[in-house]
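Visitor: Protein chains in written order, with UniProt numbering: chain B, 1 to 305; chain G, 1 to 305. Beta carbons: idealized from backbone N, C-alpha and C, even for Gly. One structure is given below, represented as structure tokens, and several questions about it will come after.
There are 2 protein chains.
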Amino acid sequence: MRYFVAVAEELHFGRAAQRLGIAQPPLSRAITRFERRLGVALLERTSRRVSLTEAGSVLLAEGRAILGAMAAAERRTRRAATSRPSLVLATKAGACGDLLAELLDAYAAEPGAVAVDLLLCESQPQRELHDGQADVALLHQPFDSTAGLDTEILNTEGQIAILPSAHPLASRSRVRMADVDALPDLPPARWPHPDGGYPDGPGPEVHNQTQLFQLIALGRTTVVMPESSSANLIDGLTAVPVLDAPAVTTVIAWPPHSRSRALADLVRTATALAESSVDDSGPLRTDERGDGQPALAKVGSVSAE
Amino acid sequence: MRYFVAVAEELHFGRAAQRLGIAQPPLSRAITRFERRLGVALLERTSRRVSLTEAGSVLLAEGRAILGAMAAAERRTRRAATSRPSLVLATKAGACGDLLAELLDAYAAEPGAVAVDLLLCESQPQRELHDGQADVALLHQPFDSTAGLDTEILNTEGQIAILPSAHPLASRSRVRMADVDALPDLPPARWPHPDGGYPDGPGPEVHNQTQLFQLIALGRTTVVMPESSSANLIDGLTAVPVLDAPAVTTVIAWPPHSRSRALADLVRTATALAESSVDDSGPLRTDERGDGQPALAKVGSVSAE
DNA sequence: GCCGATCCATACCCGTCGGGTATCGCTGCC
DNA sequence: GGCAGCGATACCCGACGGGTATGGATCGGC
Numbered sequence: 001m002r003y004f005v006a007v008a009e010e011l012h013f014g015r016a017a018q019r020l021g022i023a024q025p026p027l028s029r030a031i032t033r034f035e036r037r038l039g040v041a042l043l044e045r046t047s048r049r050v051s052l053t054e055a056g057s058v059l060l061a062e063g064r065a066i067l068g069a070m071a072a073a074e075r076r077t078r079r080a081a082t083s084r085p086s087l088v089l090a091t092k093a094g095a096c097g098d099l100l101a102e103l104l105d106a107y108a109a110e111p112g113a114v115a116v117d118l119l120l121c122e123s124q125p126q127r128e129l130h131d132g133q134a135d136v137a138l139l140h141q142p143f144d145s146t147a148g149l150d151t152e153i154l155n156t157e158g159q160i161a162i163l164p165s166a167h168p169l170a171s172r173s174r175v176r177m178a179d180v181d182a183l184p185d186l187p188p189a190r191w192p193h194p195d196g197g198y199p200d201g202p203g204p205e206v207h208n209q210t211q212l213f214q215l216i217a218l219g220r221t222t223v224v225m226p227e228s229s230s231a232n233l234i235d236g237l238t239a240v241p242v243l244d245a246p247a248v249t250t251v252i253a254w255p256p257h258s259r260s261r262a263l264a265d266l267v268r269t270a271t272a273l274a275e276s277s278v279d280d281s282g283p284l285r286t287d288e289r290g291d292g293q294p295a296l297a298k299v300g301s302v303s304a305e
Numbered sequence: 001m002r003y004f005v006a007v008a009e010e011l012h013f014g015r016a017a018q019r020l021g022i023a024q025p026p027l028s029r030a031i032t033r034f035e036r037r038l039g040v041a042l043l044e045r046t047s048r049r050v051s052l053t054e055a056g057s058v059l060l061a062e063g064r065a066i067l068g069a070m071a072a073a074e075r076r077t078r079r080a081a082t083s084r085p086s087l088v089l090a091t092k093a094g095a096c097g098d099l100l101a102e103l104l105d106a107y108a109a110e111p112g113a114v115a116v117d118l119l120l121c122e123s124q125p126q127r128e129l130h131d132g133q134a135d136v137a138l139l140h141q142p143f144d145s146t147a148g149l150d151t152e153i154l155n156t157e158g159q160i161a162i163l164p165s166a167h168p169l170a171s172r173s174r175v176r177m178a179d180v181d182a183l184p185d186l187p188p189a190r191w192p193h194p195d196g197g198y199p200d201g202p203g204p205e206v207h208n209q210t211q212l213f214q215l216i217a218l219g220r221t222t223v224v225m226p227e228s229s230s231a232n233l234i235d236g237l238t239a240v241p242v243l244d245a246p247a248v249t250t251v252i253a254w255p256p257h258s259r260s261r262a263l264a265d266l267v268r269t270a271t272a273l274a275e276s277s278v279d280d281s282g283p284l285r286t287d288e289r290g291d292g293q294p295a296l297a298k299v300g301s302v303s304a305e
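Below is the structure:
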């Protein structure tokens, strides 16, 4: 399977073999045997060109997921065996500072809490979740994909534009997406794709928040981001609410097969925290939750596997 | 990996070997090699008893998922290769009749629509999704687990109690959960667990809707279920709205790695249909759904173990 | 239009792994 | 203490995974 994914990605037996650290002929045979065992043609090969069949491209998508799951399983198993009990929480560096601090404090106060290690990624924290480097993550929809993960919503917030303080728009009390998009002097920054490449465009290439803020302060770009990320603005930057930007939802996410008690506690703590802050700000009453919870729990356990 | 999961589930090398169709000694060696390659002890074995280590139970959960994913990958690949392009849609038999009919009609009218085969399961349609028998499913939260699936919400409905027409409660215009729970003469029916066992309790054992309705008509049990499932009530049954039962959300769900054009079209059709019928039927706005639904999903999935 | 480069497939050889049977060693239980 | 049950070990065999050498087809360049 590893072999097939390598060939399907490279579309070249020689390069795939090199990537796998084996010679080309064994790879060729392995793929042939694999196809014969499945009874399905996965690759169309001429002596000059390799391409995927319909079935092959289906299997490529599935195979990538399987390989990721296997790597994840191995990492998690090894961690469960060697280290002290702990949870690894992944999130984007610089995002949701307050929420994270509150969550860690509240969870540490729980009975039976285990150590929580932080994994502050530059981007794509969900990737760490999929490949087993992390047990749980804070993600921001719609930016991060929650495909294949279990999630609980923690909160929803608006977005703000970060502008150089000297910029005309910075004095406005609020702006619209159209205002920000229509700034030829401040083209949007370009973040790397998961594969490491950058999209085309006039803006500067950035890969972390420090770079970004410095470039904004220098009048080279601007960005629209969740409110909470502006907690620690450096001098020379001004945040202006963007009225019609899509709302950003912070969710706590974990892989669907987790059965760990510690993870369940952390998730429960996080959702309780989120609900209590809703209580502060709105009319949700406790007894409504009290009515709803048992009924739901009952129904839930009927569907429990 | 298959071997390890078998042993971990049986906690007995002999039975596991039998289940796998091999002899016991090769299995023993395979597990030993597997542990050595991982560098992790997965099983504690005395000559009389086998038990899982912490790492072993982590790997069991992950391994089950991986094996399921592999079986699914194989099925989907084979289907992509041999049959005409088609989609398999799984749902519970008897549920969401109207919605399903509308969806099939609307999708069939799309340009580029492929054949949609139906898989009407007795329960657990999400299982067919995980193991590759189906490409897409209609699920009902919080009954069905959407763990590891991508979903879009289609609609939300209340629940009704199905009662024998002769029962005193059947003449009420509405009831509460407490009314239904407090009926010693109509104990709730017991559905089989995924493993085939039944929970304890006084109610009759059932495994499909026909049985259930007949037992209700005979005055042996009752059930609380989504409104739309009552479209085709047999004689002798009466449906009464249950005011405080948790709302049931119908979602369309698919495995997160699908990249098929046909599936994307079907999902788009379904969500478009859902939004247009929401517009028709009242003031429920999209952002309210976004706020309200997750609370239900949350409690349901936390209680699912 | 032919030659050479490229690239996948085949042929052949070797070591390890997965399968089997026979048997040993340990542990409860009667 | 004997016996039954169960996992581990010993030993053997065929198949698979790895390597090198080479063939056959196709595309590009002169």
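Looking at the structure shown, is Ile216(G) part of a helix, part of a strand, or coil, going by DSSP?
Guide: Position 216 of the second sequence holds residue 216(G). Three-state result, Ile216(G): helix.
Visitor: Would DSSP call Ser51(G) helix, strand or coil?
Guide: Your numbering for residue 51(G) matches position 51 in the second sequence. Strand at Ser51(G).
Visitor: Using the rule of at least 16 other Cβ atoms within 10 Å of the residue's Cβ for burial, across every protein chain shown, is Gly94(B) buried or exposed?
Guide: The count along the first sequence starts at 1 and reaches residue 94(B) at position 94. Buried, by the Cβ-count rule.
Visitor: Cβ atoms of Thr221(G) and Pro187(G): under 8 Å apart, would you say?
Guide: Here residue 187(G) corresponds to residue number 187 of the second sequence, with the count starting at 1. Here residue 221(G) corresponds to residue number 221 of the second sequence, with the count starting at 1. Yes. Within cutoff.
Visitor: Counting only beta-carbon atoms, is Val251(G) nearer than 8 Å to chain B?
Guide: As a working mapping, residue 251(G) is identified with position 251 in the second sequence. No, Val251(G) lies away from the interface with chain B (no Cβ there is under 8 Å from its Cβ).
Visitor: Can you tell me where the beta strand (DSSP E) with His130(G) in it begins and where it stops?
Guide: As a working note, residue 130(G) is residue 130 in the second sequence. No beta strand (DSSP E) contains His130(G), which is instead part of the alpha helix (DSSP H) from 125–130.
Visitor: Shorter than 7 Å, the distance from the beta carbon of Asn208(G) to the closest heavy atom of the ligand ADP, or not?
Guide: Among the components of this structure there are no ligands whatsoever, and the ligand ADP is therefore not found.
Visitor: Measure the beta-carbon distance from Val223(G) to Ile216(G) and round it to whole angstroms, keeping in mind my assumption that it falls under 8 Å.
Guide: Translated into the one-based positions of the second sequence, residue 223(G) becomes position 223. Translated into the one-based positions of the second sequence, residue 216(G) becomes position 216. 7 Å between Cβ atoms; contact.
Visitor: Do you know offhand how far Phe4(B)'s Cα is from Ala71(B)'s?
Guide: Position 4 of the first sequence, counting from 1, holds the residue named residue 4(B). Position 71 of the first sequence, counting from 1, holds the residue named residue 71(B). Roughly 16 Å separates the two Cα atoms.
Visitor: Among the candidates Glu227(B), Phe34(B), Arg259(B), whose CA atom is the shortest distance from the CA of Asp98(B)?
Guide: Start at 1 with the first residue of the first sequence, and residue 98(B) comes out as number 98. The shortest Cα separation from Asp98(B) among Glu227(B), Phe34(B), Arg259(B) belongs to Glu227(B).
Visitor: Under the assumption that Ala274(G) contacts Leu129(G) (Cβ atoms under 8 Å), give the Cβ distance between them as a whole number of angstroms.
Guide: Counting from one through the second sequence, the residue named residue 274(G) turns up at place 274. Counting from one through the second sequence, the residue named residue 129(G) turns up at place 129. Between Leu129(G) and Ala274(G) the Cβ distance is about 19 Å, and since that is not below 8 Å, they are no contact.
Visitor: List, in chain order, every chain G residue whose beta-carbon is nearer than 9 Å to that of His257(B).
Guide: The sequence position of residue 257(B) within the first sequence is 257, counting from 1. Ordered by position in chain G, the residues that pass the 9 Å Cβ test against His257(B) are Ala61, Glu62, Arg64, Ala65, Ala147, Gly148.
Visitor: How would you write the range of the beta strand (DSSP E) that Met225(B) sits in, first residue to last?
Guide: Along the first sequence, read from residue 1 onward, the residue named residue 225(B) stands at position 225. First-last of the beta strand (DSSP E) with Met225(B): 223–226.
Visitor: Going straight from the alpha carbon of Thr77(B) to that of Leu119(B), what length do you get?
Guide: Residue 77(B) sits at position 77 when you count from the first residue of the first sequence. Residue 119(B) sits at position 119 when you count from the first residue of the first sequence. Near 18 Å, if we compare the C-alpha coordinates of Leu119(B) and Thr77(B).
Visitor: Run through DSSP, which three-state label would Val267(G) get?
Guide: Here residue 267(G) corresponds to residue number 267 of the second sequence, with the count starting at 1. It is helical.
Visitor: Considering just the uninterrupted stretch of the beta strand (DSSP E) at Gln159(G), what are its terminal residues?
Guide: On the second sequence, residue 159(G) is found 159 positions in, with the first residue counted as 1. 159–164 is the extent of the beta strand (DSSP E) around Gln159(G).
Visitor: Helix, strand or coil: which one does DSSP assign to Gln141(B)?
Guide: The residue given as residue 141(B) occupies position 141 in the first sequence. Looking at Gln141(B) - three-state DSSP - the assignment turns out to be strand.
Visitor: Could you spell out the range, first to last residue, of the beta strand (DSSP E) harbouring Glu44(B)?
Guide: By one-based count along the first sequence, residue 44(B) stands at place 44. Taken as a continuous stretch (DSSP letters only), the beta strand (DSSP E) holding Glu44(B) covers 43–45.
Visitor: In the DSSP output, which residue or residues are listed as bridge partners for residue 313(B)?
Guide: Only positions 1 to 305 of chain B appear in the structure, and residue 313(B) is not among them; the question remains open.
Visitor: What's the C-alpha gap between Ser123(B) and His207(B)?
Guide: By one-based count along the first sequence, residue 123(B) stands at place 123. By one-based count along the first sequence, residue 207(B) stands at place 207. Roughly 8 Å separates the two Cα atoms.
Visitor: When the distance is taken between beta carbons, is Ala16(G) closer than 8 Å to Leu27(G)?
Guide: Locating residue 27(G) in the second sequence gives position 27, counting from the first residue. Locating residue 16(G) in the second sequence gives position 16, counting from the first residue. Yes, the Cβ-Cβ distance between Leu27(G) and Ala16(G) is below 8 Å.
Visitor: Go through its chain and collect everything with a Cβ distance to Val190(G)'s Cβ below 6 Å, but skip five positions before and after it.
Guide: Along the second sequence, read from residue 1 onward, the residue named residue 190(G) stands at position 190. Strictly speaking, residue 190(G) in this sequence is Arg, with Val absent from that position. So the qualifying residues of the chain are Tyr198, Pro199, Gly201, Gly203, Glu205.
Visitor: Would you kindly work out how many angstroms separate the C-alpha atoms of Met177(B) and Ala137(G), rounded to a whole number?
Guide: As a working mapping, residue 177(B) is identified with position 177 in the first sequence. As a working mapping, residue 137(G) is identified with position 137 in the second sequence. Going from the Cα of Met177(B) to the Cα of Ala137(G) covers about 37 Å.
Visitor: Going by the beta-carbon positions, is the gap between Ala170(G) and Val240(G) smaller than 8 Å?
Guide: Stepping through the second sequence from its first residue, residue 170(G) is reached at position 170. Stepping through the second sequence from its first residue, residue 240(G) is reached at position 240. Yes; because the gap between Cβ atoms is below 8 Å, this pair is in contact.
Visitor: Within a Cβ cutoff of 7 Å, which residues of the same chain sit near Leu266(G), ignoring the five residues on either side of it in sequence?
Guide: Along the second sequence, read from residue 1 onward, the residue named residue 266(G) stands at position 266. Result list for Leu266(G): Leu87, Tyr107, Val136, in chain order.
Visitor: Ordered along the chain, which non-local residues of its own chain (more than five positions away) have a Cβ less than 6 Å from that of Thr156(G)?
Guide: To locate residue 156(G), count along the second sequence from 1; it is residue 156. The residues are Ala247, Thr249.
Visitor: So the alpha helix (DSSP H) Leu233(G) belongs to, where does it begin and stop?
Guide: Here the question's residue 233(G) lines up with position 233 in the second sequence. Per DSSP, Leu233(G) belongs to no alpha helix (DSSP H) and is neither H nor E.
Visitor: Which residue comes first and which comes last in the beta strand (DSSP E) that contains Ile252(B)?
Guide: Here the question's residue 252(B) lines up with position 252 in the first sequence. Unbroken beta strand (DSSP E) run through Ile252(B): 248–254.
Visitor: Under the rule that 16 or more other beta-carbon atoms within 10 Å means buried, what is His193(B), buried or exposed?
Guide: Against the first sequence, residue 193(B) aligns to sequence position 193. With fewer than 16 Cβ atoms within 10 Å of its Cβ, His193(B) is classed as exposed.
Visitor: Skipping 5 residues on each side, what residues in its chain have a beta carbon closer than 8 Å to that of Arg75(B)?
Guide: Mapped onto the first sequence, residue 75(B) falls at position 75. Excluding sequence neighbours, Arg75(B) sits near Asp131, Gly132, Gln133.
Visitor: Quick one, which of Thr151(G), Ser276(G), Leu43(G) has its alpha-carbon nearest Leu59(G)'s?
Guide: In the second sequence, counting from the first residue as 1, residue 59(G) sits at position 59. Considering only alpha carbons, the answer is Leu43(G).
Visitor: Please list, in chain order, all residues of the same chain as Leu52(B) whose beta carbon is under 8 Å from its beta carbon, the five residues on each side excluded.
Guide: Translated into positions along the first sequence, residue 52(B) becomes position 52. Same-chain partners within the cutoff: Ala8, Leu11, Leu42, Leu43, Glu44, Leu60.
Visitor: Using alpha carbons as the reference points, say which of Ala90(G), Leu154(G), Glu152(G) lies closest to Arg127(G).
Guide: On the second sequence, residue 127(G) is found 127 positions in, with the first residue counted as 1. Nearest C-alpha to Arg127(G): Ala90(G).
Visitor: Would you decide whether Trp152(B) is buried or exposed? Buried here means 16 or more other CB atoms lie within 10 Å of its CB.
Guide: Within the first sequence, residue 152(B) is the residue found at index 152, counting from 1. Note that residue 152(B) is Glu in the sequence shown here, rather than Trp. By the 10 Å Cβ count, Glu152(B) comes out buried.
Visitor: Since I believe Ala69(G) is in contact with residue 306(B) (beta carbons under 8 Å), could you give me their beta-carbon distance rounded to a whole number of angstroms?
Guide: Shown here, chain B extends from 1 to 305; a query on residue 306(B) therefore has no answer.
Visitor: Compile a chain-ordered list of the residues in the stretch 43–55 of chain B whose CB is closer than 9 Å to at least one CB of chain G.
Guide: Those would be Thr53, Glu54, Ala55, in chain order.
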